[in-house]
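As structure tokens, the structure follows; a few thoughts come after it.
4 protein chains.
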Amino acid sequence: MIKVGIIGATGYAGAEIVRLLQGHPEAEVVWYGSRSYIDEKYSSIYGNLFKLIDAKCMDDNMDKLSDEVDVIFTATPQGLCASLVNETILNKVKIIDLSADFRLKDVSVYEKWYKIEHKAPEFIKEAVYGLCEINRDKIKNARLIANPGCYTTCSILTAYPLIKEGLIEPDTLIVDALSGVSGAGRGAKVANLYCEVNESCKPYGVATHRHTPEIEEQLGYAAGKEMVINFTPHLVPMNRGILATEYATLVKKDGKLPNESDIRAAYEKYYKDEYFIRLLDEGVYPETRWVECSNYVDIGFKIDERTGRIIMMGAIDNLVKGAAGQAVQNMNIAFGLKESMGLEIVPCFP
Amino acid sequence: MIKVGIIGATGYAGAEIVRLLQGHPEAEVVWYGSRSYIDEKYSSIYGNLFKLIDAKCMDDNMDKLSDEVDVIFTATPQGLCASLVNETILNKVKIIDLSADFRLKDVSVYEKWYKIEHKAPEFIKEAVYGLCEINRDKIKNARLIANPGCYTTCSILTAYPLIKEGLIEPDTLIVDALSGVSGAGRGAKVANLYCEVNESCKPYGVATHRHTPEIEEQLGYAAGKEMVINFTPHLVPMNRGILATEYATLVKKDGKLPNESDIRAAYEKYYKDEYFIRLLDEGVYPETRWVECSNYVDIGFKIDERTGRIIMMGAIDNLVKGAAGQAVQNMNIAFGLKESMGLEIVPCFP
Amino acid sequence: MIKVGIIGATGYAGAEIVRLLQGHPEAEVVWYGSRSYIDEKYSSIYGNLFKLIDAKCMDDNMDKLSDEVDVIFTATPQGLCASLVNETILNKVKIIDLSADFRLKDVSVYEKWYKIEHKAPEFIKEAVYGLCEINRDKIKNARLIANPGCYTTCSILTAYPLIKEGLIEPDTLIVDALSGVSGAGRGAKVANLYCEVNESCKPYGVATHRHTPEIEEQLGYAAGKEMVINFTPHLVPMNRGILATEYATLVKKDGKLPNESDIRAAYEKYYKDEYFIRLLDEGVYPETRWVECSNYVDIGFKIDERTGRIIMMGAIDNLVKGAAGQAVQNMNIAFGLKESMGLEIVPCFP
Amino acid sequence: MIKVGIIGATGYAGAEIVRLLQGHPEAEVVWYGSRSYIDEKYSSIYGNLFKLIDAKCMDDNMDKLSDEVDVIFTATPQGLCASLVNETILNKVKIIDLSADFRLKDVSVYEKWYKIEHKAPEFIKEAVYGLCEINRDKIKNARLIANPGCYTTCSILTAYPLIKEGLIEPDTLIVDALSGVSGAGRGAKVANLYCEVNESCKPYGVATHRHTPEIEEQLGYAAGKEMVINFTPHLVPMNRGILATEYATLVKKDGKLPNESDIRAAYEKYYKDEYFIRLLDEGVYPETRWVECSNYVDIGFKIDERTGRIIMMGAIDNLVKGAAGQAVQNMNIAFGLKESMGLEIVPCFP
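Residue numbers (the UniProt record's numbering), protein chains in the order written: chain A, 1 to 350; chain B, 1 to 350; chain C, 1 to 350; chain D, 1 to 350.
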């Protein structure tokens, strides 16, 4: 039985790890770290777990925690994991960090977009970017896994095969994305109050959102060159879900656009054996409701011959494949378990 | 492996049975009956099941179906199950009927409240009312199980111990209940369009809702006498969930009102070993979010010494404990399986 | 032109006064008091007013303010108005207080339910309870108007004629009410975050909600005796709206229950000339969507002969008739204007 | 007093015309045409108008209607207006058609995208495209006004000045748009049921949506050449609102990208005196909540120097500026009234 500690267990992502591990046969949470709720019963904060979890919240002492568990999930604000991690700890446990601290390989890019100093740049090189479907082999032996962002997971997986196969022009990529409100976290902010969000939608972080360089770096590896893209996130009134609609100019071969089966073949090449990726039938496009509460990534596309562009669309549950689910998937890989263990959840609709 | 057939598999309750049985180790659906969608792929209607279910929808021929399965769930409009059932079929399979056809013992009450003629009154006596926590023993050997209504499950379980123990005056009981929109089904009606329901709430079926006699009959058994109650359902803008707020006058003993521990003892007496019932701590009241997607029933209460009344509150997920989940629970009991099999689902929040 | 000052102009109720007075021909806001946002442009907080209001937020100095305006609306937390008001100010301006400070005539009841000391008990006697349809005459000459609570406005108006006419037993009254989330205000609290409220409903303040004594006091005047009632508010996921469902035992005359036309006659007697009260047709019940953004009160009822009870139902927009709209209505009455001025708004649907 | 007839008065757009004209001092509805509800009271369908409108629904006989009114609004499915209109009628009344029948100048484009035969191509040339801010002069004398689509109004107005001034490359324009559910109309379709739409978002009509050629035609006039664009609409769970996020490559001048003030100057040039257009401050982007229930168009933009693109964003209320409000604005222009008459509505928030 893998012993799990969570730092940030009372945020939405942390709570989703808790929910998922309740159904995991080989892992159990033994440390519910939450600085704000120390000594309070976990189930008094998350009533869905009443009668299921009796434990109380603990502090976020990573040194002590690393003696008691096999893996630590840090579901905390940017900067915290980097300020806590050290060689001694990494020799004892694996760390799966849900923050952005170890996602970007270039520390100056991190500091520019996040506007904070990086406290542990010495671990950046070692850290593995935990996008499971792309980096599976590296994850197996990683001590420090940088769990990808929610928007980035969806955005990258939706475009990856077409970039890798040279079917689209990398620099024409535009990612327009919608997110449910849980992505904003559980902090008490006026902007996230029910009445401020309900019955409205809005763009935010336009041309400045911090998931931009993460998408650019990872897709740049696939393209074999540096990329710059436009990424515009929008907040929409729903609890969960991310939908990415991505536009790119198709690369002609012999003067002809790739067709439906060319594109489908590229997706199949990379994803046909992937448990969590569902390539939708022709004419069917992703909807967030079909992946809710699950670790699935639904992908569809449409070629527009009039403009020579392709529209790629992907949907995930931001708290599952976009955060906690992928974190558990990373744990499964890193501990040699069946990758889908505890994650074979049927999406819940309606 | 129990072979399951569903008639009405594309309604919300039917689809929830499908979702739940995907995770059930001892049962599998082999017949997705849906008159409206014959020969269409089930997953083209419920995209959450894409890649998980490959089957097509079938007709609702119960004779034929009864040769192929061990149990039939009828998740159909009132009257259909009664029009299809017969002795031959019941000798081959068990039927768990999610409609109201066999819930009321008095056929004239059925015909008065439902305004349709009962087509199979000869089976009413045999049918077992499938409120698992109350009727477990009778369910074990039943051929025909009348799965309770959503409002009724919640209303009855919330008040049952206090009526049974004589702690409240039966005829003072008032049930005021709220329901999410999935309770109205998947029929294409203007009244259930998004814009008609969103940003509003309304009472309906005031003093005429058909779950009224069902609550009265079952609680009447507990009271040991006929009861009449007020029941007012309201529609609120959310997908799932029922919340019942119930009022009754407390019975004084020796001139004194029962206190918190008297009431708690009564609930404990009946529910302390019930897996799916969670009696909340003092001062904590049910919220539908804490039971969403699960089979739990959350119950809380408050004594008001000023008025001498008690306010009892219960919450369920109308599609799970209020329909499909209880139906699967009934199947588990009737087939001698562990009662919670396939239903040990952690509520999904947010 | 009446000059208006608002203290608490950036809360939801304050902002609604601003919205309503934008369309009022005889009043204009000249002071947008908001301690938290001093010197910020009002329209940077409420973007709906961009290009319509250029003013900046000011402090809440009531002494200074009372020299510059004719009327002050205090849309502030309990206790603030009482701590600011004095004879000098009341000699210069009228005050319409949207908090509870002057609603209850018995200061000990106030202090018991609100758990704060009353800072200006000397003005309680003078203050007029501003439920316009009931207290119109007293409001005309009032200096200090206690604007009623949202739940109370709806609850009282729905039951008032039947209590006044002796058609129902006062002590059997149970008020079960639903509210949209704007009633909880614009404070940054976890409990009011989108994801905490959406897709759920819950009771709160069970048997302890502070609108209880306000309803009891006012309906007690109608009954001619002290009353105790049960009042249970619920939070439902919508921005605006209150729906009250009220139960009471009908008083028999000569052994017979009052009938539909007896009840209708009672409502007509008090409300037939009321601009803002709409008594619905038989069999039609209130829905909050039909009053949204307006000052209307919709009322319907149903006699249940089986139980001898009546179910009375009322709906209002909590921010309009439940707060800002009634405050403007009070201003209109107190300044001798047409009572509906600026309030003849068609409800906005969907 | 202008006498108004509405054909399709019980759809959402028709009902919104009714709501708006209730507050219009110079126009009154005298004919509530609704084939589905003939002889039913209008307020029994739209309860918000109870006590305000006593009229019953009438048929859609345009010949008869044209004798009784000065202007007819057709808020009907595609094809109906074209099948009813004729010279005799147009000699008696003005027609403002909210369907697409007369929006496109090329009948073959209409027939290709709408897949129906055009029944009155002889009036296409005469019809004026009623985008008020662009075509004001032509609207003044028009007999037949083609009221623009909801997405198109928002999409065109957001990009128009930059295309007109040559600041962006026309063929790089990508319009990604979000819409509330009222845009789908009031038809009883499963796809628009509450539970199907709530807690989800989805793209639809990808590369095939019928507002595409309308945007292309109108922006093509501004560009001075034919344009092809990508347009992707998405359905999001809210009642009202359209948000368009538009991407285009900026045109360099002397090797330099236009800057914030260049762009702002272009918007100001066309919109600075427009009552209904609000150009937001730098760094502020449109949100649908700020325009709800009103006729405003909020516009913001962001230059991305990294990619050389601009992101333009616009928000409207789809039922007001996107349908009924613009129709009333067109009526005001066509009848020589003040253009904003009856439309000076403060957006309602929350």
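Positions of the beta carbon are idealized from the N, C-alpha and C atoms, including for glycine.
As assigned by DSSP and simplified to three states, the class of residue i
i, result
"Gly-5 (chain A)", "strand"
"Cys-57 (chain A)", "strand"
"Ala-323 (chain B)", "helix"
"Val-197 (chain C)", "helix"
"Ala-265 (chain C)", "helix"
"Ala-177 (chain A)", "strand"
"Arg-309 (chain A)", "strand"
"Asp-254 (chain D)", "coil"
"Ile-156 (chain D)", "helix"
"Arg-289 (chain B)", "helix"
Alpha-carbon to alpha-carbon, residue j and residue i
i, j, result
"Ala-159 (chain D)", "Glu-226 (chain D)", "15 Å"
"Pro-350 (chain D)", "Glu-260 (chain B)", "40 Å"
"Ala-223 (chain A)", "Glu-169 (chain A)", "9 Å"
"Ala-146 (chain C)", "Asp-101 (chain C)", "7 Å"
"Lys-105 (chain B)", "Lys-125 (chain B)", "7 Å"
"Lys-56 (chain D)", "Leu-279 (chain C)", "19 Å"
"Lys-253 (chain D)", "Leu-21 (chain C)", "48 Å"
"residue 351 (chain C)", "Pro-203 (chain A)", "With chain C covering only 1 through 350, there is no way to say anything about residue 351 (chain C)."
"Asn-192 (chain A)", "Tyr-37 (chain A)", "21 Å"
"Glu-68 (chain A)", "Leu-90 (chain A)", "13 Å"
"Arg-306 (chain C)", "Met-58 (chain A)", "56 Å"
"Gly-185 (chain B)", "Cys-154 (chain B)", "18 Å"
"Asn-61 (chain D)", "Tyr-285 (chain B)", "57 Å"
"Cys-150 (chain C)", "Tyr-12 (chain C)", "13 Å"
"Tyr-247 (chain B)", "Thr-245 (chain A)", "50 Å"
"Asn-295 (chain D)", "Gly-241 (chain D)", "11 Å"
Beta-carbon proximity list for residue i, same chain, < 8 Å, skipping 5 on both sides
i, result
"Ile-96 (chain C)", "Val-71, Ile-72, Phe-73, Thr-74, Gly-130, Ile-145, Asn-147, Ala-327, Asn-330, Met-331, Ala-334"
"Asp-262 (chain A)", "Leu-167"
"Val-109 (chain B)", "Pro-213, Glu-217"
"Met-1 (chain B)", "Glu-26, Ala-27, Glu-28"
"Val-128 (chain D)", "Asn-135, Lys-138, Ile-139, Ala-142, Leu-144, Ile-145, Ala-146"
Residues near residue i by beta carbon distance below 7 Å, same chain, minus five either side
i, result
"Leu-80 (chain D)", "Thr-74, Ser-99"
"Arg-210 (chain C)", "Ala-100, Trp-113, Tyr-114"
"Leu-84 (chain B)", "Met-62"
Contacts around residue i, its chain only, beta-carbon distance under 6 Å, and the 5 residues preceding and following it disregarded
i, result
"Asn-239 (chain A)", "Gly-180, Ser-182"
"Gly-23 (chain A)", "Gly-342"
"Pro-258 (chain C)", "Leu-167, Leu-250"
"Pro-161 (chain B)", "Ala-266, Tyr-267, Tyr-270"
heavy atom of the ligand FMN below 7 Å from residue i C-beta
i, result
"Leu-243 (chain A)", "With respect to the ligand FMN, the structure offers nothing, as it holds no ligand at all."
Positions along the stretch 41-56 of chain D whose CB lies within less than 9 Å of some CB in chain B: none
In chain order, what are the residue ranges of uninterrupted beta strand (DSSP E) at least 3 long that sit wholly in the stretch 215-249 of chain D? 230-235, 242-249
Counting only Cβ-Cβ distances shorter than 7 Å, please list the residues of the stretch 188-199 of chain B near chain D, keeping chain order. Ala-188, Lys-189, Val-190, Asn-192, Leu-193, Tyr-194, Cys-195, Val-197, Asn-198, Glu-199
Report the residue ranges of all beta strand (DSSP E) runs contained in full by the UniProt domain "Semialdehyde dehydrogenase NAD-binding" (3-142) of chain D; include only those spanning at least 3 residues, in chain order. 27-33, 71-74, 94-97
Taking beta-carbon pairs under 8 Å, can you tell me which members of the stretch 213-242 of chain B lie near chain C? Val-228, Ile-229, Asn-230, Thr-232, His-234, Val-236, Pro-237, Met-238, Asn-239, Arg-240, Gly-241
Of all the residues that make up the stretch 306-325 of chain A, which are near chain D by a beta-carbon distance shorter than 7 Å? Arg-306, Thr-307, Arg-309, Ile-311, Met-313
Interfacial residues, the stretch 335-349 of chain D to chain C, with Cβ spacing under 9 Å: Glu-344, Ile-345, Val-346, Pro-347, Cys-348, Phe-349
By the 7 Å beta-carbon criterion, what residues does the stretch 162-183 of chain C contribute toward chain A? Val-181, Ser-182
Going along the chain, which residues of the stretch 9-37 of chain B sit with their C-beta nearer than 7 Å to a C-beta in chain A? Tyr-12, Arg-19, Gln-22, Gly-23
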